[in-house]
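Residue numbers (the UniProt record's numbering): 1 to 378. Here is the structure we will look at.
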């Protein structure tokens, strides 16, 4: 299993000068929150924090200051993930919990609205080069930062991570809002919150004075339905009984240039270009979400055959399979003589013949769908 030890990044400013603004995002009266920030003054919670706090106050408070939240969904994800960093300063992914308020090594972690009270405690944000993954009990997703935005004053990986974290935050609130009647949750609300997540991510980039854009793919469980938002060339595969029953369609602006959102076209809302799909889930379904680092090197039938050939009978070795799939993909990427989906696209476009794998960041998440019991939130 990949190491979850976060690698340090250069901080862009003094953490203490910014931490004061974060206090307002904590639930008022939380002793654990107060103890984690050595400040003598506090601010009242902003409207968003009050709204989510009022929803969660209906939950049962445990002696260990955690709250049990029975999520309304019929199913949940049990996920494994693996990443390879080709673009970036560190070869290992940077993995953080959305409840970790002590990460002072990243400017993103210090922004007041990054981690809203209410995210399920299992939620992890994983940044690997220009790729980012979000993993939680009811939401998984990948954003692939467009590598054309590189060099000074550019960080597509930061934008990718930011938009996924914002989507997780907004979806948490939306899911809790409709917990008593999930049928009332509409596509309009989901697309509205998608645009709000985008706007918040633009603020992150403006704050850091950086440029960047990314593709986006998110799978959200809403009761018994998997709702998929896709934008660009990141992929999702729903596997049932050893067969792929659903995959999304790739979107391109031009040949080899995927659909994307970011600072290059701030007026282009993701709701205007994202495709929405609904899949009725069943227990033991497998959901594979990946950046194009996987699907540029392996064909869908190769991915399916690889997973089917290595899963045990009860699908309990998902992490082992995910790690092996990453290793296989990486070996193809470094093979100078293979023929893969990416070079096939290039050859069709230019009427020529090249060969070899596609070197890129690789991010893979494989999730097993199972009946939901409960989720903790802090």
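No residue lacks a Cβ here, since even glycine has one placed at the ideal position from N, Cα and C.
Practice task
Counting only runs of 3+ residues fully inside the segment 133-180, write out the beta strand (DSSP E) ranges in chain order.
Solution key: 139-144
Problem - Which residues DSSP lists as bridging residue 357, in chain order - result: According to DSSP, which records beta bridges pairwise, residue 357 is partnered with nothing at all.
Problem - Local Cβ density within 10 Å of residue 260, reported as buried at 16 or more and exposed below that - result: buried
Handout entry: Cβ neighbour criterion (16 or more within 10 Å) applied to residue 275
Key = exposed
Practice task
Alpha carbon to alpha carbon, how far is residue 233 from residue 249? Give it in angstroms, no decimals.
Solution key: 8 Å
Exercise for the section: Under 6 Å Cβ to Cβ from residue 367, same chain only, skipping five residues before and after it: list those, please. Expected result: 77, 79, 140, 287
Problem - Of the residues 242, 342, 227, 303, the one placed nearest residue 278, counting alpha carbons only - result: 227
Practice task
Go to residue 217, then tell me how far its beta strand (DSSP E) extends in each direction, as first and last residue.
Solution key: 216-222
Handout entry: Coarse secondary structure for residue 381, derived from DSSP in three states
Key = This structure gives no information on residue 381, because the portion of the chain shown stretches from 1 to 378.
Handout entry: Contact between the segment 303-323 and the segment 339-347 (3+ Cβ pairs under 8 Å)
Key = no
Practice task
Starting from the C-beta of residue 361, find all residues in its chain whose C-beta is less than 7 Å away, skip the five residues before and the five after it, and write them out in chain order.
Solution key: 84, 85, 86, 87, 128, 129, 130, 131, 291, 293
Problem - Range covered by the beta strand (DSSP E) that runs through residue 327 - result: That residue, residue 327, is in no beta strand (DSSP E); its alpha helix (DSSP H) goes 318-333.
Problem - Cβ contact check for the segment 347-355 and the segment 303-322: 3 or more pairs under 8 Å - result: no
Exercise for the section: With DSSP collapsed to three states, give me the class of residue 269. Expected result: coil
Exercise for the section: Locate the beta strand (DSSP E) running through residue 243, then write down its first and last residues. Expected result: 243-247
Practice task
Please name the residue or residues paired with residue 84 in a DSSP beta bridge.
Solution key: 362
Handout entry: Local conformation of residue 288 per DSSP, three classes
Key = strand
Problem - Boundaries of the beta strand (DSSP E) in which residue 238 is found, first to last residue - result: 235-240
Exercise for the section: Using three-state DSSP, classify residue 263 as helix, strand or coil. Expected result: coil
Handout entry: Rounded straight-line distance, which links the Cα of residue 156 to that of residue 308
Key = 34 Å
Handout entry: Straight-line gap, residue 258 to residue 179 (C-alpha atoms, nearest Å)
Key = 35 Å
Exercise for the section: Reducing DSSP to helix, strand and coil, say where residue 295 ends up. Expected result: helix
Handout entry: Where the alpha helix (DSSP H) containing residue 337 begins and where it ends
Key = Segment: none, residue 337 is in no alpha helix (DSSP H) and carries neither H nor E.
Problem - CB of residue 208 within 8 Å of CB of residue 164, strictly - result: no
Practice task
Please list, in chain order, all residues of the same chain as residue 210 whose beta carbon is under 7 Å from its beta carbon, the five residues on each side excluded.
Solution key: 153, 154, 155, 158
Practice task
Give the range of the alpha helix (DSSP H) segment to which residue 191 is assigned.
Solution key: 187-208
Exercise for the section: Classify residue 131 as helix, strand or coil using the three-state DSSP reduction. Expected result: strand
Exercise for the section: Would you give the residue range spanned by the alpha helix (DSSP H) that residue 349 belongs to? Expected result: 341-350
Practice task
Check residue 258 in the structure and name its three-state DSSP category.
Solution key: strand
Exercise for the section: Kindly identify the DSSP beta-bridge partner or partners of residue 94. Expected result: 127
Practice task
Would you list the one or two residues that DSSP bridges to residue 370?
Solution key: 76
Handout entry: With 16 other Cβ atoms within 10 Å as the buried cut-off, status of residue 138
Key = buried
Practice task
Let me know the secondary structure DSSP gives residue 280 once reduced to three states.
Solution key: strand
Exercise for the section: Measure the alpha-carbon distance for residue 195 versus residue 241 and round it to whole angstroms. Expected result: 36 Å
Exercise for the section: Please report how far the alpha carbon of residue 72 lies from the alpha carbon of residue 269, in whole angstroms. Expected result: 29 Å
Problem - residue 300 beta carbon less than 8 Å from that of residue 246 - result: no
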